[in-house]
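Student: What follows is a single structure, and I will ask about it in a moment.
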Amino acid sequence: MPEQSQRRPYVAPRIEALHTATVGKHRVFDLSPSGGFAEAVDVDALLAEHGSPLYLLSENALRAQYRSLRDLFVLGGVRTQIAYSYKTNYLPAVCAIFQQEGAWAEVVSGMEYQLARALGVPGRQIVFNGPYKRDDELARAFQEGALVNIDGFDELDRVEALVVGNPGLRPRLGIRINFTRGKTSWTRFGFNHENGDARRALDQIAANQALELVALHNHSGTFQRDPDVYRRAAEVLIANARYARSLGLAPTVMDVGGGLPSDNRLKPEFDLPGEAGAASRLAPFARAVLEPLSQADGAFGTHPMLILEPGRALVDASMRLACTVVATKDIPDGGPALVIDAGVNLLPTAYWYEHGVDGISGRGEDRTEATGALRSTQVFGPLCMQIDCVRDNAALPPLQLGDHLLIDNVGAYNLTQSMQFIQPRPAVVMLGQDGPELVRRAERWQDLFALDRVPARLQAPGYELDD
Numbered sequence: 138m139p140e141q142s143q144r145r146p147y148v149a150p151r152i153e154a155l156h157t158a159t160v161g162k163h164r165v166f167d168l169s170p171s172g173g174f175a176e177a178v179d180v181d182a183l184l185a186e187h188g189s190p191l192y193l194l195s196e197n198a199l200r201a202q203y204r205s206l207r208d209l210f211v212l213g214g215v216r217t218q219i220a221y222s223y224k225t226n227y228l229p230a231v232c233a234i235f236q237q238e239g240a241w242a243e244v245v246s247g248m249e250y251q252l253a254r255a256l257g258v259p260g261r262q263i264v265f266n267g268p269y270k271r272d273d274e275l276a277r278a279f280q281e282g283a284l285v286n287i288d289g290f291d292e293l294d295r296v297e298a299l300v301v302g303n304p305g306l307r308p309r310l311g312i313r314i315n316f317t318r319g320k321t322s323w324t325r326f327g328f329n330h331e332n333g334d335a336r337r338a339l340d341q342i343a344a345n346q347a348l349e350l351v352a353l354h355n356h357s358g359t360f361q362r363d364p365d366v367y368r369r370a371a372e373v374l375i376a377n378a379r380y381a382r383s384l385g386l387a388p389t390v391m392d393v394g395g396g397l398p399s400d401n402r403l404k405p406e407f408d409l410p411g412e413a414g415a416a417s418r419l420a421p422f423a424r425a426v427l428e429p430l431s432q433a434d435g436a437f438g439t440h441p442m443l444i445l446e447p448g449r450a451l452v453d454a455s456m457r458l459a460c461t462v463v464a465t466k467d468i469p470d471g472g473p474a475l476v477i478d479a480g481v482n483l484l485p486t487a488y489w490y491e492h493g494v495d496g497i498s499g500r501g502e503d504r505t506e507a508t509g510a511l512r513s514t515q516v517f518g519p520l521c522m523q524i525d526c527v528r529d530n531a532a533l534p535p536l537q538l539g540d541h542l543l544i545d546n547v548g549a550y551n552l553t554q555s556m557q558f559i560q561p562r563p564a565v566v567m568l569g570q571d572g573p574e575l576v577r578r579a580e581r582w583q584d585l586f587a588l589d590r591v592p593a594r595l596q597a598p599g600y601e602l603d604d
């Protein structure tokens with residue numbers, strides 16, 4: 138008889154959903170304490186005055202982080218200029234603080250450009266990026282001396298047409314250059330280095346004496362934790378600057394964009410092994426940019442300017458969200474859970490980041506930092522969506538109805554991407570040099586419908602929406 142096969146029976150492959158807490162390469166939850174502000178915060182008083190939830194903004198944190206970053210990117214003979222990324226958090230008070238500190242404005246739309254000008258930013262201190270700029274927006278930017286980084290050949294052709302129709306207009310241009318690096322390369326934006334598009338764009342600019350090439354620009358990702366990406370970006374920009382000079386162009390600005398990380402923490406499914414909880418240490422990023430620039434041998438002239446476009450690294454840690462426990466639950470197969478009055482409508486980045494969470498228990502004079510055995514706790518928001526989960530594994534002591542939470546690192550992309558879904562958006566209070574200051578009032582329900590009109594024939598008795 139033939140020998141019986143020892144092979145195991147075939148089992149068809151299947152896709153299985155794994156909860157992040159079951160994946161072994163990361164801790165089940167973060168036992169490290171979340172961050173805080175230098176300013177004393179009376180959470181009770183602020184929530185009583187302005188309502189819950191409430192964004193809290195630290196002026197000291199904003200200024201300290203700006204100065205720290207500015208002082209890292211220093212190189213003899215190089216003018217370093219920070220252009221704050223408005224899209225990260227365009228709360229006017231935030232933008233005004235950075236402007237006071239010496240920052241330019243980096244904008245990616247006509248709306249953001251108008252905000253910068255309304256805040257008093259001169260046109261020549263605006264860097265205008267992005268894949269879509271209307272002709273009227275381009276014309277205004279050129280007239281006011283803004284630096285406009287061109288994103289593609291269609292836009293470059295439109296710029297040339299604008300110049301033909303406006304004799305005497307001399308646009309100050311940069312071109313955005315991308316390069317290929319692994320599977321996550323940001324090659325959607327700009328002109329590619331490897332396939333020759335960047336050189337072809339420079340050829341086109343050199344052939345038009347009405348155009349002035351000022352800058353070469355790159356932006357290669359968000360929450361980018363690999364300094365070598367910035368080193369490669371600097372090398373690519375320098376190589377293209379040398380080619381530009383061979384054509385008779387004279388770029389003086391190397392713009393390495395933004396994407397620097399904050400101290401927030403990616404969820405395990407978006408993280409790399411061993412990286413969870415790693416704080417951002419930005420000195421290696423500065424070296425990665427400055428070392429190639431120090432050896433550029435005049436590619437950007439004798440007194441080059443280095444532009445940085447940080448957003449997250451400047452503002453993330455400057456904001457916290459104060460909120461209130463509105464229900465407690467015990468979820469089958471999930472353990473203890475809290476429902477709070479702030480959800481992904483106010484914290485859209487909770488889908489990708491494990492924001493630090495602190496619990497505060499008690500009320501009034503009895504209020505203290507919550508104590509007790511830490512346990513993995515799910516934290517849900519108030520929305521009627523199963524996916525409204527702020528943290529699926531926060532390390533928290535037992536909390537009760539009415540207790541407060543402080544959620545950290547909410548300054549980047551939460552305010553600008555917040556939505557008016559089911560709930561209006563809360564106020565923002567700045568902990569400033571003169572104490573707490575209201576810098577955005579809470580929305581009322583009427584604000585959500587202020588732009589709407591109901592035809593008279595549809596208005597029922599008692600209609601008062603337009604009042």
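Start counting at 1 in the sequence shown, then tack on 137, and there's your number in my numbering.
Glycine is no exception: its CB is placed at the ideal position from the N, C-alpha and C atoms.
Here the structure is a predicted model, which is why all the values come from computation and not from measurement.
Rounded to the nearest angstrom, what separates Q596 and A587 at their Cα positions?
Tutor: Rounded to whole angstroms, Q596 to A587 spans 16 Å at the Cα level.
Student: Is E196 helix, strand or coil by DSSP?
Tutor: If DSSP states are grouped into helix, strand and coil, E196 belongs with the helices.
Student: Is DSSP giving L536 helix, strand or coil here?
Tutor: Of the three classes helix, strand and coil, the one that applies to L536 here is coil, per DSSP.
Student: Mark C232 as exposed unless 16 or more other C-beta atoms lie within 10 angstroms of its C-beta, in which case mark it buried.
Tutor: Buried, by the Cβ-count rule.
Student: Report the residue from V245, L458, V494 whose alpha carbon sits nearest the alpha carbon of L193.
Tutor: Nearest of V245, L458, V494 to L193, Cα basis: L458.
Student: Taking 8 Å as the threshold (C-beta atoms), are V516 and V494 in contact?
Tutor: Yes. Within cutoff.
Student: Please classify V215 as buried or exposed, where buried requires at least 16 other C-beta atoms within 10 Å of its C-beta.
Tutor: Answer is buried; the Cβ neighbour count reaches 16.
Student: Under a three-way DSSP split, which group does Y490 fall into?
Tutor: DSSP places Y490 in strand when its eight states are reduced to three.
Student: Only counting the same chain, and skipping five residues up and downstream in sequence, which positions put a Cβ closer than 6 Å to that of S266?
Tutor: The sequence given here places Asn at residue 266; Ser does not occur at that position. Contacts found: V245, N286.
Student: Rank L252, G239, T465 by C-alpha distance to the C-alpha of G539 and give the top, closest one.
Tutor: Among L252, G239, T465, the Cα nearest to that of G539 belongs to T465.
Student: What residue ranges within the stretch 243-268 form continuous alpha helix (DSSP H) runs of no fewer than 4 residues, ordered along the chain?
Tutor: Runs of the alpha helix (DSSP H) inside the stretch 243-268: 247-255.
Student: Buried or exposed for R261, going by 16 or more other Cβ atoms inside 10 Å?
Tutor: Exposed: under 16 other Cβ atoms inside 10 Å.
Student: Could you check where the beta strand (DSSP E) with F517 kicks off and where it finishes?
Tutor: F517 -> beta strand (DSSP E) spans 512-517.
Student: Is the beta carbon of L430 closer than 8 Å to that of M391?
Tutor: Contact: yes.
Student: What number of angstroms, rounded off, separates the C-alpha of G414 from the C-alpha of P485?
Tutor: At G414, the pLDDT of 40 sits below 50, so the modelled position is not reliable and the matter cannot be decided from this model.
Student: Is it a yes or a no for the stretch 323-343 touching the stretch 278-292, going by three-plus beta-carbon pairs under 8 Å?
Tutor: A contact exists between the stretch 323-343 and the stretch 278-292.
Student: Reducing DSSP to helix, strand and coil, say where C521 ends up.
Tutor: Looking at C521 - three-state DSSP - the assignment turns out to be coil, as it is neither helix nor strand.
Student: I think E238 touches Y203, with their Cβ atoms under 8 Å apart; what is that distance to the nearest whole Å?
Tutor: About 5 Å separates the two Cβ atoms, so the contact holds.
Student: Just to confirm before moving on: does the CB-CB distance between S195 and F174 stay below 8 Å?
Tutor: Yes, these two residues count as a Cβ contact at 8 Å.
Student: Answer with buried or exposed for V514, where buried requires no fewer than 16 other C-beta atoms within 10 angstroms of its C-beta.
Tutor: Just to set this straight, residue 514 is Thr in the shown sequence, not Val. Under this definition T514 is a buried residue.
Student: Over the uninterrupted beta strand (DSSP E) stretch that includes E428, give me the two end residues.
Tutor: Element bounds for E428: not the beta strand (DSSP E) but the alpha helix (DSSP H), 420-431.
Student: With which residues is T461 paired in a DSSP beta bridge?
Tutor: In DSSP, T461 forms a bridge with H541.
Student: List the whole-angstrom C-beta distance separating Q236 from L256, where the pair is believed to meet the contact cut-off of C-beta under 8 Å.
Tutor: Correct: roughly 6 Å between the Cβ atoms.
Student: Rounded to whole angstroms, how far is the Cβ of H354 from the Cβ of G394, which I believe are closer than 8 Å?
Tutor: Rounded, the Cβ-Cβ distance is 7 Å, consistent with contact.
Student: Can you give me the Cβ contacts of E601 inside the same chain, cut-off strictly under 6 Å, excluding the 5 residues immediately before and after it?
Tutor: None.
Student: Please state whether DSSP places Y600 in a helix, a strand or coil.
Tutor: Coil, per DSSP.
Student: If we ignore side chains and look at the alpha-carbon of each, how far apart do T439 and L403 end up?
Tutor: For T439 and L403, the distance between alpha carbons rounds to 41 Å.
Student: For I263 and D467, what's the separation of their Cα atoms in angstroms?
Tutor: Their Cα atoms are separated by approximately 52 Å.
Student: Using C-beta distances below 7 Å, list every residue in its chain close to N551, excluding the 5 sequence neighbours before and after it, in chain order.
Tutor: Taken in chain order, the residues that qualify are L483, L484, P485, T486.
Student: Have a look at P421 and E186 and give me their C-alpha separation to the nearest angstrom.
Tutor: Each residue's alpha carbon lies about 44 Å from the other.
Student: My output table needs one value for F290: the three-state DSSP class, helix, strand or coil.
Tutor: Three-state DSSP puts F290 in a helix.
Student: Around the C-beta of N332, are 16 or more other C-beta atoms found within 10 angstroms, so that it is buried, or is it exposed?
Tutor: Counting Cβ neighbours within 10 Å, N332 comes out exposed, since fewer than 16 surround it.
Student: Can you tell me which of the three DSSP states G499 falls into?
Tutor: Low local confidence applies: a pLDDT of 49 at G499 is under 50, so the model's placement there is unreliable, with the coordinate-based value given in what follows. Coil.
Student: Would you mind working out which of D340, Q583, G572, A276 sits nearest S383, comparing C-alpha positions?
Tutor: Looking at the Cα atoms, D340 is the closest of the given residues.
Student: According to DSSP, is V319 helix, strand or coil?
Tutor: This sequence places Gly at residue 319; Val is not what is there. Three-state DSSP puts G319 in a helix.
Student: Residues in the same chain with beta-carbon distance under 8 Å from A198, minus the five sequence neighbours each way, listed in chain order, please.
Tutor: These residues qualify, in order along the chain: F174, A175, A454, S455.
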